[in-house]
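Visitor: Have a look at this one.
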Amino acid sequence: MAPKKLKPSHDASAYRSLLPPANFFGPITLNVESTATEAAKGDTATTATPLTVTVLAVDDAPVAQDDSATVRTLKTVVIDVLANDTDADHDALQAFVYAGPQHGRLCRNDDGTWTYPACRPPTVWPLRAAG
Numbered sequence: 002m003a004p005k006k007l008k009p010s011h012d013a014s015a016y017r018s019l020l021p022p023a024n025f026f027g028p029i030t031l032n033v034e035s036t037a038t039e040a041a042k043g044d045t046a047t048t049a050t051p052l053t054v055t056v057l058a059v060d061d062a063p064v065a066q067d068d069s070a071t072v073r074t075l076k077t078v079v080i081d082v083l084a085n086d087t088d089a090d091h092d093a094l095q096a097f098v099y100a101g102p103q104h105g106r107l108c109r110n111d112d113g114t115w116t117y118p119a120c121r122p123p124t125v126w127p128l129r130a131a132g
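Just so you know, we're using this note's numbering here: the sequence shown kicks off at 2 and counts up by one.
Next up, the structure:
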């Protein structure tokens with residue numbers, strides 16, 4: 002199924018180009034027609050054939066949202082840092098610590114959540130989502 006607003010263009014060199022709309026992927030079938038004119042008599046002959054071009058999908062980056070949690074001193078909090086993150090391609094998301102917390106430690110659980118045992122003073126650590 003071809004996109005509705007597809008505009009083929011060409012230049013004097015006989016090259017053709019096709020620019021599908023943003024985020025389009027899938028097959029595009031074009032009907033290509035060629036006409037030849039005989040030099041001596043001016044007779045013409047035309048032939049047509051379909052040309053299918055497959056546009057591959059691109060991998061869109063995930064969208065990560067800020068997360069926060071509050072925990073009392075010497076208590077533990079479990080955080081699902083991916084719960085509010087999305088991926089347009091529906092790829093499985095993973096979170097990675099790219100700099101550890103200044104105080105305490107951050108542990109990744111088997112279910113994808115993170116556990117942080119509180120300590121003093123409060124701490125902030127950066128995470129990145131990847132899909």
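Where is the CB? At the ideal position from N, CA and C, for every residue including glycine. The structure presented is a predicted model; accordingly, all values stated were derived computationally and were not measured.
Would you identify the three-state DSSP class for residue 32, choosing helix, strand or coil?
Guide: strand
Visitor: Determine whether the beta carbon atoms of residue 31 and residue 52 lie at a separation below 7 Å.
Guide: yes
Visitor: Just to confirm the assignment, what range does the beta strand (DSSP E) spanning residue 74 have?
Guide: No beta strand (DSSP E) contains residue 74, which DSSP labels as neither H nor E.
Visitor: Using 8 Å for Cβ pairs, my map puts residue 94 next to residue 83. What's the rounded Cβ distance?
Guide: 5 Å
Visitor: Report the CB separation of residue 29 from residue 22 in whole angstroms; it is logged as a contact under 8 Å.
Guide: With 8 Å as the limit, residue 29 and residue 22 do not qualify as a contact, their Cβ atoms being about 11 Å apart.
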